[in-house]
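To keep things clear, I will list the structure first and then write my remarks on it.
Numbering (our numbering), first residue to last: 31 to 339.
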């Protein structure tokens, strides 16, 4: 119970404050959109750029961590895609959007925040390694699958261009890519620039969590209850179970194991709705799944956290 109060509850109180402010109309939709644009297009890319720039990519790439987490992610995508198609009778384009909702855990706003609250800032290096690949892998899988479904005779040679152009319009991918390039070429880190990036990074998570509450108020659940329940089971139970199992089998070190399981146990991120909205498919399912799974993760995240070593 103390873990719930000390670690998880503060994160959800910030989200709840944003939700309540939007509900009382103290936080208008244009203001919510402006705050989310600031955090997702500027503050969070700065945080990711700074983190990846400093990350020791050569010496500490933990492949067991990546295999444990991303096997769970890709299994979730497959379960979401096939479940939506064959259990719920959705067309293939809807099925891809629902699969993406099962794929894209909220690794950044919630996974990073809860890991930091639970184990301190020094425990975040495995999280940053997951996050460095998260948007590129998830958008790569989702966009490729959607473009294949929509192709219907379009030449295959055009697919890589479509996927890459869509990915590199995403500010998170740009921040990660620039950070990786700065790291790879060992670009110096002048103090004024680092201090400026740190100021932006400190604003990123609390502002994004508050804004996320306002976004969630907008997308209240409507219909599709069985599909939403299925997404919640895949994201909150199946993904962390696979990650836990593989992490145990591969002997994943304790710090990386904690980061992988906590991140895998997170609800779908807002990017799930962004992807659905980008293609105009299964938007209601994606938005409602984000809201319902986020609410449920108050309890499920506490359970997973209490089971960790």
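We put the CB at the ideal spot given by N, CA and C, even for glycine.
With a 10 Å radius around its C-beta and 16 neighbouring C-beta atoms as the bar for buried, classify residue i as buried or exposed.
{"i": "residue 332", "result": "buried"}
{"i": "residue 283", "result": "exposed"}
{"i": "residue 112", "result": "exposed"}
{"i": "residue 42", "result": "buried"}
{"i": "residue 272", "result": "buried"}
{"i": "residue 91", "result": "exposed"}
{"i": "residue 213", "result": "buried"}
{"i": "residue 58", "result": "exposed"}
{"i": "residue 150", "result": "exposed"}
{"i": "residue 195", "result": "exposed"}
{"i": "residue 116", "result": "exposed"}
{"i": "residue 224", "result": "exposed"}
{"i": "residue 337", "result": "exposed"}
{"i": "residue 339", "result": "exposed"}
So, at 8 Å on beta carbons, what are the nonlocal neighbours of residue i in its own chain, with the 5 sequence-adjacent residues on each side left out?
{"i": "residue 44", "result": "236, 239, 240, 243"}
{"i": "residue 47", "result": "240, 243"}
{"i": "residue 101", "result": "272, 273, 276"}
{"i": "residue 38", "result": "144, 147, 328, 331, 332, 335"}
Roughly how many whole angstroms lie between the Cα atoms of residue i and residue j?
{"i": "residue 53", "j": "residue 247", "result": "7 Å"}
{"i": "residue 326", "j": "residue 296", "result": "10 Å"}
{"i": "residue 310", "j": "residue 95", "result": "34 Å"}
{"i": "residue 21", "j": "residue 66", "result": "The structure shown does not extend to residue 21, since the chain is modelled only from 31 to 339, so the question has no answer here."}
{"i": "residue 217", "j": "residue 161", "result": "21 Å"}
{"i": "residue 205", "j": "residue 320", "result": "24 Å"}
{"i": "residue 122", "j": "residue 263", "result": "21 Å"}
{"i": "residue 23", "j": "residue 62", "result": "Residue 23 falls outside the range modelled here, since the chain spans only 31 to 339, and no answer is possible."}
{"i": "residue 232", "j": "residue 118", "result": "43 Å"}
{"i": "residue 180", "j": "residue 142", "result": "34 Å"}
{"i": "residue 260", "j": "residue 109", "result": "9 Å"}
{"i": "residue 221", "j": "residue 289", "result": "29 Å"}
{"i": "residue 211", "j": "residue 159", "result": "15 Å"}
{"i": "residue 64", "j": "residue 201", "result": "15 Å"}
Thinking C-alpha only, which one of the options is nearest residue i?
{"i": "residue 130", "options": "67, 60, 310, 173", "result": "173"}
{"i": "residue 315", "options": "270, 249, 278", "result": "249"}
{"i": "residue 84", "options": "180, 171, 156, 280", "result": "156"}
{"i": "residue 318", "options": "329, 309, 231, 304", "result": "304"}
{"i": "residue 74", "options": "209, 286, 338, 178", "result": "209"}
{"i": "residue 190", "options": "170, 302, 260, 229", "result": "170"}
{"i": "residue 280", "options": "179, 228, 97", "result": "97"}
{"i": "residue 229", "options": "49, 76, 292", "result": "76"}
{"i": "residue 341", "options": "287, 166, 154, 133", "result": "Only positions 31 to 339 of the chain appear in this structure, which leaves residue 341 out of reach."}
{"i": "residue 302", "options": "312, 152, 211", "result": "312"}
{"i": "residue 254", "options": "40, 114, 55, 99", "result": "114"}
{"i": "residue 203", "options": "178, 49, 71", "result": "71"}
Excluding the 5 residues flanking residue i on each side, which residues of the same chain have their C-beta closer than 6 Å to its C-beta?
{"i": "residue 164", "result": "137"}
{"i": "residue 105", "result": "272"}
{"i": "residue 258", "result": "318, 319, 322"}
{"i": "residue 299", "result": "134, 136"}
{"i": "residue 175", "result": "126"}
{"i": "residue 168", "result": "133, 134"}
Which two residues bound the contiguous alpha helix (DSSP H) that contains residue i?
{"i": "residue 140", "result": "From DSSP, residue 140 is part of no alpha helix (DSSP H); its letter is neither H nor E."}
{"i": "residue 200", "result": "First-last for residue 200: undefined, no H or E at that position."}
{"i": "residue 58", "result": "Neither: residue 58 is in no alpha helix (DSSP H) and is coded neither H nor E."}
{"i": "residue 177", "result": "155 to 181"}
{"i": "residue 118", "result": "Here residue 118 belongs to no alpha helix (DSSP H), and DSSP marks it neither H nor E."}
{"i": "residue 236", "result": "221 to 248"}
{"i": "residue 306", "result": "300 to 309"}
Between residue i and the rest of its own chain, which residues show a CB-CB distance below 7 Å, the 5 nearest in sequence each way excluded?
{"i": "residue 69", "result": "234, 237, 238, 241"}
{"i": "residue 286", "result": "92, 95, 156"}
{"i": "residue 245", "result": "62, 66, 300"}
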